[in-house]
Amino acid sequence: MSPARRIESIFKLNRTDNFRDPFEAVAEDESVLVESLRRSTWWGEAELQACDKTTWDYIRAHPTGSTNPIQATEISDDSDDEPTILESDAESDAGGETFKLVLQSKATKSITLTVRPTTTCGAIVQAFLKKAGLADKYNLSAKGPRKSIGKKGKQAQQGLPEPQLVIDGDKMAAHVPIGDMDLDDGDTVDVVGL
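Just so we're aligned: 111 in the UniProt record's numbering is position 111 of the sequence shown, and the numbers increase by one with no gaps anywhere.
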């Protein structure tokens, strides 16, 4: 990408949309091959920069002090495989709507998380467990407990409780979006089953 010429394209994608289309559009706008595109790790938003391999090697060799190191992901455009769909319950079409929740439990200190209205209760529990350092103890997905046959699966079958959010005295199912509850920024939510 030439420093004198900067093109900015904005793409909005749903979680189920093919991610190859924006890559091809950016490559076309910048007149480079799709194989020359690199992306850095992102969660809610992404910034794609197109450049030739020499420029990319220079950027990698001379990182600026104000940014994190870039991890490259190779994308080939001649693959006919089905696209991999990366799901994140924290992503939504709601744009920048977020609010903070304070999660508390008897087993841990209070933990504050920033969530979107479309984030599921299961994803919030997962993030809470990860932040509390308990993720390895509980074998959960955002949709509820996993049914696996490993050691952790046996522990789950032997009565290890399933952590859940409790809002206004009601235990919330893992698939319920937190936006369905009447919560405000800074509200406290209990986590039970630890």
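All C-beta atoms in this analysis are idealised placements derived from N, C-alpha and C, irrespective of residue type, glycine included.
No experiment lies behind these values; they were computed from the predicted model shown.
I think residue i touches residue j, with their Cβ atoms under 8 Å apart; what is that distance to the nearest whole Å?
{"i": "A173", "j": "C121", "result": "7 Å"}
{"i": "Q104", "j": "D190", "result": "6 Å"}
{"i": "T98", "j": "T112", "result": "So it is not a contact: roughly 12 Å between Cβ atoms."}
Would you give the residue range spanned by the beta strand (DSSP E) that residue i belongs to?
{"i": "residue 198", "result": "Since the first residue of the chain shown is 1 and the last is 194, residue 198 is not available in this structure."}
{"i": "L129", "result": "Segment C121 to A132 is the alpha helix (DSSP H) holding L129; no beta strand (DSSP E) there."}
{"i": "I111", "result": "I111 to V115"}
{"i": "D187", "result": "D187 to V192"}
Keeping to the same chain, check which residues put their C-beta closer than 7 Å to that of residue i; ignore five residues upstream and five downstream.
{"i": "D185", "result": "F99 and K100"}
{"i": "A132", "result": "T108 and I111"}
Please state whether DSSP places residue i in a helix, a strand or coil.
{"i": "K171", "result": "strand"}
{"i": "V32", "result": "coil"}
{"i": "V166", "result": "strand"}
{"i": "P177", "result": "strand"}
{"i": "T16", "result": "coil"}
{"i": "D80", "result": "Because D80 carries a pLDDT of 47, less than 50, the predicted location of this residue cannot be relied on, and the following value inherits that uncertainty. Residue state, collapsed to three classes: coil."}
What residue from the options has the CA that sits closest to residue i's CA?
{"i": "L33", "options": "K53, K171, D17 and N18", "result": "K53"}
{"i": "K137", "options": "E28, L37 and L194", "result": "L194"}
{"i": "T118", "options": "N18, D21, S36 and V176", "result": "V176"}
{"i": "I167", "options": "I124, W56, K130 and K12", "result": "I124"}
So with Cβ pairs under 7 Å, would you call residue i a contact of chain D?
{"i": "L37", "result": "In the structure shown, chain D does not exist; there is a single protein chain."}
Please list the terminal residues of the continuous alpha helix (DSSP H) segment that includes residue i.
{"i": "Y138", "result": "Element bounds for Y138: n/a, residue is neither H nor E."}
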